[in-house]
Amino acid sequence: MSRELKGIAIILGVYLVGEILSRLIGGFMPGSILGMILLFVLLQYGVVAEEDIKGVCNFMLSNMMLLFVPVTVGIMVNYTLIAEDWIAISLCVVASTAIVIIIVGLLQQTLSRLWKK
Amino acid sequence: MEKIVTFVEQILHSHIFLLTLTVGLYYAAQLLHRRFSYMIFNPIIVSSLLIIIFLRTMNIEYAEYFEANAIINFLLSLSVVPLSYLMHKNMNRIKEHKVSILISTFVGSIVGVLSIVVLARLCGFEEAISLSLQPKSVTTPIALSVSASIGGIPPITALAVVIAGIFGNVAGAWIMKVCRITDPVARGLALGSASHAVGTARALEMGAIEGAIGGAAIGLMGLFTAIVLPVIGAVI
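Chains as they are written, first to last, in my numbering: chain U, 4 to 120; chain H, 13 to 248.
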């Protein structure tokens, strides 16, 4: 039995438990985020060995950008919803994203230099 | 002749073809990106545009394409789980900065929502549009559920989330260079907070620490925004 298979089984299992928890709390947090938190706890307490999921995690993380393509292609249907305003709306989103990058980046950088912790 | 046309049509509409189209064009776009590493050659933008043009030309409905690529959407949700491995591996680094990370992300979630409120008013958008754009910096599954609960229009939110993600992925590194944000923790946190998993994918290319912090930022930003949004909505 290969290590990759074990890794896939662990990740799917954790996601499944996250999904169950998500439904139990009425969908407030998605199952994937709860699964991420759960696997993190399991790794921290040594319940899941880092070695078992390392290969699968690295593979998934290094190819993550591909997974956004179908959602992005969805622009071809959704853009009609904002047809008249699409430039203004896109600019708002872009400007706000830039503001968040700058504020979070500068704040974090300043705080870590100030406190060194 | 007619038989050949029907045959080709059947192939073009098959799941295996539409799935190969996604993976194949993305791979090709990545090769192009390696060759000419300009911002506009971002593999997500190039491959999505080519796919949109192809589907339009061939008269293939988006719903059909989306169904054929269901496995990729499943993997998209699943790919959030392995981020915990990165967080675990870089836990020492995260622990050193835990207080500042919590403060910066919390401030980021407020700034992300308030800046949309202000910009949307300046542009004179309807309230529903503003509400739809507010959760834009959060990972898709959280953004959609939050949007629906505050009275936004989920498909517009999905679009805003994609734009925020791609913008951070494409221009984030440049913005941080201009603003002299050089600290790896700050870079990862900024990209993950503003542009969720798409930004984190870019952070991962910068380094393991950037990627791990980005992963943590996705979870924190989702949590904080879900809490902050209804409060801001009630105050304003």
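Heads up, the beta-carbon is just placed ideally off N, CA and C, and yes, glycines get one too.
- Contact of I23 of chain U with chain H by beta-carbon distance below 8 Å is absent, the smallest such distance being about 14 Å.
- Put simply, the CB of K107 of chain H is far from chain U, with every gap to its CB atoms at 7 Å or more.
- C-alpha of A170 of chain H to C-alpha of K110 of chain H: approximately 30 Å in a straight line.
- Close to V35 of chain H, with beta-carbon spacing below 7 Å, are these residues of chain U in chain order: L69.
- Of all residues in the region 13-40 of chain U, only I14, L15, V17, Y18, G21, G30, F31, M32, P33, G34, S35, I36, G38, M39 and I40 place a beta-carbon less than 8 Å from a beta-carbon of chain H.
- Its chain contains P153 as the residues whose beta carbon lies nearer than 7 Å to that of S89 of chain H, once the 5 sequence neighbours on both sides are disregarded; these appear in chain order.
- Taking 7 Å as the CB threshold, V150 of chain H stays off the interface with chain U.
- Non-local C-beta neighbours of F29 of chain H in its own chain, meaning closer than 6 Å and more than five positions away in sequence, comprise I23, ordered along the chain.
- Rounded to the nearest angstrom, the gap between the Cα atoms of P166 of chain H and E14 of chain H is 42 Å.
- Annotated as proximal: S149 of chain H and G124 of chain H, with beta-carbon spacing under 7 Å.
- Interface criterion met: the Cβ of I106 of chain U is under 7 Å from a Cβ in chain H.
- When the Cα atoms are used, F62 of chain U and G136 of chain H turn out to be separated by approximately 45 Å.
- Within chain H, no residue has its CB atom less than 7 Å from the CB of S5 of chain U, the nearest being about 17 Å off.
- By the neighbour-count definition (other C-beta atoms within 10 Å, threshold 16), Y50 of chain H is an exposed residue.
- In the three-state reduction of the DSSP assignment, T194 of chain H falls in the coil class.
- Collapsing the DSSP output to three states places S26 of chain H in coil.
- Between S89 of chain H and chain U, the shortest Cβ-Cβ separation is below 7 Å.
- Here the alpha carbons of L117 of chain U and G77 of chain U stand approximately 44 Å from one another.
- If you look at K148 of chain H, you'll find it isn't in any alpha helix (DSSP H); DSSP assigns it neither H nor E.
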